[in-house]
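Chemist: Residue numbers (the working numbering): 2 to 355.
C-beta: ideal position from N, C-alpha, C; glycine also.
Bear in mind that the values here come from a model prediction, so they are computed numbers and not experimental data.
Structure (structure tokens):
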């Protein structure tokens, strides 16, 4: 990435705001023509035999996508490397600064990362046919370098064994009630891209004063956005202040004692793009995997099994879940997250002392 691995997020993101703005206002080089999956591509991918996928998606969800791809293309294996989005970003930075090109396809829950990778010229333009046909313009890069692989929310939720429905919090403001002191779990923006994005939206809409009051509630602080749902399920905390909606939906549908809450102020919305690296070791397998992940089959799997949302026009919401169109959401702004990310982490650390 042509950056020293010890540089901070601010150093690595400095000056990239203009690049971020370019996603919707300036085309660096016309997006390549959309590409269908052809027998030639499949044969070339088979010869490579593998695709390496760095992702911040919860591991069981990412593994299910990988196994579905392998079932369709049995001669190609998918190696899933899962960690928090901020760790994915650091790992790519460290590898590229050492001229190591190990990853083929990347997914991050912090869309600002793709602004940096695009600016640094390390993403490969590739537009799957279904992305061109079925994705809204705002969910595909103007230069064809990435597209929205998954969409989800950061939500409030509660353990139904510990909290009665009529007493459950319905808003972020409700979390400040003294009755929840010592009963709340939340994740950290320094580890999780989901929580980085959610924290930006919440401090913008609710103010840092909300977090200052929340910090007085003796919060259990965890790392990944996948952790609060798990703590909730185990009964270690009664309520989660943030965390992945998709984990909660999966758990609820499996009969676990959890219930999602869509805050009256609006729930933070998160977009996790997928992109291919220009110098990846398995370029054909990477393109085939990207086409599968962003195609209707991969997207419907995300919805059905992963509890995620999709912007693919042919993907259908799962019955029994509240449709995304019926949920009040906050506004995503990856350019602002990019600009303010280091400040958000510092401010958060001071408030929560973690």
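Grab the span of the beta strand (DSSP E) containing residue 51 for me, first residue to last.
Modeler: Here residue 51 refers to the residue found at position 50 of the chain shown. Element bounds for residue 51: 51–56.
Chemist: Straight-line CA distance for residue 198 to residue 269?
Modeler: Position 197 of the chain shown, counted from the start, is the residue given in the question as residue 198. Position 268 of the chain shown, counted from the start, is the residue given in the question as residue 269. C-alpha of residue 198 to C-alpha of residue 269: approximately 8 angstroms in a straight line.
Chemist: Measure the alpha-carbon distance for residue 54 versus residue 179 and round it to whole angstroms.
Modeler: The count along the chain shown starts at 1 and reaches residue 54 at position 53. The count along the chain shown starts at 1 and reaches residue 179 at position 178. Going by the C-alpha atoms only, they are around 44 angstroms apart.
Chemist: Please return the same chain residues whose Cβ sits closer than 6 angstroms to the Cβ of residue 241, not counting the five positions on each side in sequence.
Modeler: For the purposes of this step, residue 241 is taken as the residue at position 240 of the chain shown. Here the set comprises 158, 186, 229 and 233.
Chemist: DSSP state of residue 163, grouped into three classes?
Modeler: Stepping through the chain shown from its first residue, residue 163 is reached at position 162. Residue state, collapsed to three classes: coil.
Chemist: Measuring straight from C-alpha to C-alpha, what distance separates residue 205 and residue 136?
Modeler: Residue mapping note: residue 205 aligns to position 204 of the chain shown, counting from 1. Residue mapping note: residue 136 aligns to position 135 of the chain shown, counting from 1. Each residue's Cα considered, the two are about 28 angstroms apart.
Chemist: According to the neighbour-count rule (16 or more other Cβ atoms, all chains shown, within 10 Å of its Cβ), is residue 335 buried or exposed?
Modeler: By 1-based counting over the chain shown, the position of residue 335 is 334. Residue 335 comes out buried.
Chemist: Around the Cβ of residue 101, are there at least 16 other Cβ atoms within 10 angstroms (buried) or fewer (exposed)?
Modeler: Indexing the chain shown from 1 puts residue 101 at position 100. Sixteen is the threshold: since fewer than 16 other Cβ atoms of the shown chains lie within 10 Å of the Cβ of residue 101, the residue is exposed.
Chemist: So residue 108 and residue 150 are supposed to be a Cβ contact under 8 angstroms. How far apart are they, rounded?
Modeler: The count along the chain shown starts at 1 and reaches residue 108 at position 107. The count along the chain shown starts at 1 and reaches residue 150 at position 149. So it is a contact: roughly 6 angstroms between Cβ atoms.
Chemist: Is the segment 284–295 touching the segment 166–181 in the sense that three or more CB pairs, one from each, lie closer than 8 angstroms?
Modeler: no
Chemist: When we look at the beta-carbon of residue 195 and count the other beta-carbons within 10 Å, is it buried (16 or more) or exposed?
Modeler: Locating residue 195 in the chain shown gives position 194, counting from the first residue. It is buried - the Cβ of residue 195 has at least 16 other Cβ atoms within 10 Å.
Chemist: Can at least three beta-carbon pairs, one atom from the segment 295–308 and one from the segment 112–121, be found at a separation below 8 angstroms?
Modeler: no
Chemist: For the beta strand (DSSP E) that contains residue 82, what are its first and last residues?
Modeler: As a working note, residue 82 is residue 81 in the chain shown. DSSP places residue 82 in the uninterrupted beta strand (DSSP E) bounded by 78–83.
Chemist: If you drop the 5 nearest sequence neighbours on each side, which residues of the same chain put their C-beta closer than 8 angstroms to that of residue 3?
Modeler: Counting from 1 along the chain shown, the entry for residue 3 is found at position 2. Model confidence at residue 3 stands at a pLDDT of 35, short of 50, so the residue's coordinates are unreliable; what they give is reported in the following sentence. Closer than 8 angstroms at Cβ, skipping near neighbours: 97, 98 and 121.
Chemist: Among the residues of its own chain, which have a CB less than 7 angstroms from the CB of residue 76, if the five just before and after it don't count?
Modeler: What you label residue 76 is simply residue 75 of the chain shown in a count that begins at 1. 47 and 50, listed in sequence order.
Chemist: Using beta-carbon positions only, say whether residue 156 and residue 74 come within less than 8 angstroms of one another.
Modeler: Walking along the chain shown from the start, residue 156 turns up at place 155. Walking along the chain shown from the start, residue 74 turns up at place 73. Contact flag unset, no.
Chemist: So the candidates are 213, 222 and 45; which of them puts its Cα closest to the Cα of residue 183?
Modeler: Looking up residue 183 in the chain shown gives position 182. Cα-wise, what sits closest to residue 183 is 222.
Chemist: Evaluate residue 170 with the Cβ neighbour count: other Cβ atoms within 10 Å of its Cβ, from every protein chain shown; 16 or more gives buried, anything less gives exposed.
Modeler: In the chain shown, residue 170 corresponds to position 169, counting from 1. Residue 170 comes out buried.
Chemist: For residue 309, does the three-state DSSP call read helix, strand or coil?
Modeler: Counting from 1 along the chain shown, the entry for residue 309 is found at position 308. Here residue 309 sits in coil by DSSP.
Chemist: How do the segment 298–318 and the segment 247–260 stand: do at least 3 beta-carbon pairs fall below 8 angstroms, yes or no?
Modeler: yes
Chemist: Determine the extent of the beta strand (DSSP E) in which residue 271 is found, giving its start and end residues.
Modeler: One-based indexing of the chain shown puts residue 271 at position 270. Element bounds for residue 271: 270–277.
Chemist: The beta strand (DSSP E) spanning residue 259 covers which residue range?
Modeler: Indexing the chain shown from 1 puts residue 259 at position 258. Counting along the chain, the beta strand (DSSP E) containing residue 259 begins and ends at 259–262.
Chemist: In terms of alpha-carbon separation, which member of 33, 82 and 111 lies closest to residue 340?
Modeler: The residue you call residue 340 lines up with position 339 of the chain shown. Nearest C-alpha to residue 340: 111.
Chemist: Compare the Cα-Cα distances from residue 272 to each of 152, 62 and 146 and report the closest residue.
Modeler: The residue you call residue 272 lines up with position 271 of the chain shown. Across the set 152, 62 and 146, the C-alpha of 152 shows the shortest separation from the C-alpha of residue 272.
Chemist: If you drop the 5 nearest sequence neighbours on each side, which residues of the same chain put their C-beta closer than 7 angstroms to that of residue 28?
Modeler: Within the chain shown, numbered from 1, the residue matching residue 28 stands at position 27. Its pLDDT being 43, under 50, residue 28 is placed unreliably in this model, and the coordinates cannot settle the point.
Chemist: So residue 130 packs on residue 36, CB below 8 angstroms; how close in whole Å?
Modeler: Within the chain shown, residue 130 is the residue found at index 129, counting from 1. Within the chain shown, residue 36 is the residue found at index 35, counting from 1. Between residue 36 and residue 130 the Cβ distance is about 6 angstroms, and since that is below 8 angstroms, they are a contact.
Chemist: So the candidates are 246, 283, 66 and 327; which of them puts its Cα closest to the Cα of residue 42?
Modeler: On the chain shown, residue 42 is found 41 positions in, with the first residue counted as 1. When only C-alpha atoms are compared, the closest one is 283.
Chemist: State buried or exposed for residue 246, treating a residue as buried only when at least 16 other CB atoms are found within 10 Å of its CB.
Modeler: As a first step, residue 246 must be located in the chain shown, where it is residue number 245. With 16 or more other Cβ atoms within 10 Å, it is buried.
Chemist: Identify whether residue 254 lies in helix, strand or coil by the three-state DSSP scheme.
Modeler: One-based indexing of the chain shown puts residue 254 at position 253. Collapsing the DSSP output to three states places residue 254 in a helix.
Chemist: Does the Cβ of residue 219 have 16 or more other Cβ atoms within 10 Å, making it buried, or fewer, making it exposed?
Modeler: Position 218 of the chain shown holds residue 219. Residue 219 should be labelled exposed.
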